[in-house]
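See structure below.
Now the structure itself:
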């Protein structure tokens, strides 16, 4: 079932499947809810899955040119979605900027979060001078348009047919002025102090599972190790994939996720 949900950034579209305890699925920049297509059938057999398209992404509303997609705005949109749907404490699976939004919700509204599954998440990267320069460059639309189409294939390290389809779609979008503008704006927001969740990570009390794809060059495995140290009691799983673990190895991913859910 598709549903349109009003938020402060305009309507967002989400796909709802199954019944039971809710699992909210959050995707990366320039990606879409379809990143989760390979795992939704298994997860929705036991749970209600809610796969969201961020504003400016997928089938969601594209605000005017005056609007600016940022990581913080996605976090606010997530708050609006869970409020509108009046969800009970839910499990959140967040990839990349989606992981940032899920962790931000656990910090600011802990009663909303039953458990966190953070997949190569943003918000916990140490910005050394090299990372800062790289981020500043990708915050420039012209540079982003030149770099992102090839960077996508590097961080995805595609293995499955879905991986390849995602890489192709995101790479083609990144070549357009619209796509480069969206990506550059989100990358620029990575430099905002509010994007750095490391100092607040200790306040995350929800059971947390970190899943890292060891072939990801944008958010490498070392970020998973450092994040595990920051979030008390969190667990870390490393799979031989790129950035979108659940598209590369869906069965392995769901096996790990379901074992974690049963445990918590």
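Residue numbers (this note's numbering): 12 to 275.
Beta carbons are placed, not taken as given, at the ideal position from N, Cα and C, and that holds for glycine.
Computed from a prediction, not measured in an experiment: that's the story for all the values here.
Assign residue i to buried or exposed, taking buried as 16 or more other Cβ atoms, counted over all protein chains shown, within 10 Å of its Cβ.
i: residue 243; result: exposed
i: residue 123; result: buried
i: residue 140; result: exposed
i: residue 19; result: exposed
i: residue 95; result: exposed
i: residue 76; result: Note on residue 76: pLDDT 48, under 50, position unreliable in the model; the coordinate value appears next. Exposed: under 16 other Cβ atoms inside 10 Å.
i: residue 56; result: exposed
i: residue 31; result: exposed
i: residue 187; result: exposed
i: residue 183; result: exposed
i: residue 258; result: buried
i: residue 178; result: buried
i: residue 71; result: buried
i: residue 228; result: exposed
i: residue 189; result: exposed
i: residue 160; result: buried
i: residue 128; result: buried
i: residue 248; result: buried
i: residue 274; result: exposed
Can you tell me the Cβ-Cβ gap for residue i and residue j, rounded? I've got them flagged as a contact below 8 Å.
i: residue 90; j: residue 120; result: 7 Å
i: residue 169; j: residue 253; result: 7 Å
i: residue 146; j: residue 198; result: 6 Å
i: residue 24; j: residue 64; result: 5 Å
i: residue 163; j: residue 181; result: 5 Å
i: residue 62; j: residue 44; result: 4 Å
i: residue 206; j: residue 200; result: 6 Å
i: residue 196; j: residue 81; result: 7 Å
i: residue 221; j: residue 245; result: 6 Å
i: residue 107; j: residue 194; result: Rounded, the Cβ-Cβ distance is 12 Å, inconsistent with contact.
i: residue 261; j: residue 50; result: 5 Å
i: residue 21; j: residue 52; result: Going by Cβ atoms, the distance from residue 21 to residue 52 rounds to 29 Å, so no, they are not a contact pair.
i: residue 130; j: residue 104; result: 7 Å
Mind checking which residues open and close the alpha helix (DSSP H) that includes residue i?
i: residue 81; result: Premise fails: residue 81 is in no alpha helix (DSSP H) and is neither H nor E.
i: residue 259; result: 256-259
In this structure, does DSSP put residue i in helix, strand or coil?
i: residue 167; result: helix
i: residue 101; result: strand
i: residue 121; result: helix
i: residue 271; result: helix
i: residue 15; result: strand
i: residue 73; result: coil
i: residue 246; result: strand
i: residue 35; result: strand
i: residue 20; result: coil
i: residue 178; result: helix
i: residue 107; result: strand
i: residue 112; result: helix
i: residue 29; result: coil
Verify the contact flag: residue i, CB atom, against every heavy atom of the ligand GDP, threshold strictly below 6 Å.
i: residue 40; result: As presented, the structure is devoid of all ligands, the ligand GDP included, so that no description of it is given.
What first and last residue would you give for the beta strand (DSSP E) that runs through residue i?
i: residue 56; result: First-last for residue 56: undefined, no H or E at that position.
Pick out the complete beta strand (DSSP E) segments inside the region 124-159, 3 residues or longer, and give them in chain order.
-> 124-132
Tell me the start and end of each unbroken alpha helix (DSSP H) in the region 181-239 that is at least 4 residues and wholly inside, in chain order.
-> 188-200
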